[in-house]
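Numbering (UniProt numbering), first residue to last: 1 to 84.
Printed below as a string of structure tokens:
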């Protein structure tokens, strides 16, 4: 009987000797993924919207100049009426 008990205890020790995998908390994993996505979205927004005042004024001036150049090349309705 002692030999059998020794064999069983050796067998049970061998079974428990296997390393167990880590328990993964899926809720934490989901939250980490959401934080990472939010951070990347914030970085993208910082690049597109995070401009200095000088950059904003420069872009506005360029936009106004381009609009003025386009408006200068427009045909007037009066000219269109005279041609008919």
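Even for Gly, the Cβ is constructed at its ideal location relative to N, Cα and C.
Computed from a predicted structure; not experimentally measured.
Does residue 40 come out as helix, strand or coil in the three-state DSSP assignment?
Residue 40 carries a helical assignment under DSSP once its states are collapsed to helix, strand and coil.
Check: Can you give the Cα-Cα distance for residue 85 and residue 37, rounded to whole angstroms?
Finding: There is no way to answer for residue 85, as the model of the chain reaches only from 1 to 84.
Rounding to the nearest angstrom, what Cα-Cα distance links residue 77 and residue 70 in this structure? Near 16 Å, if we compare the C-alpha coordinates of residue 70 and residue 77.
Secondary structure of residue 51, DSSP reduced to three states: Note: residue 51 maps to coil in three-state DSSP.
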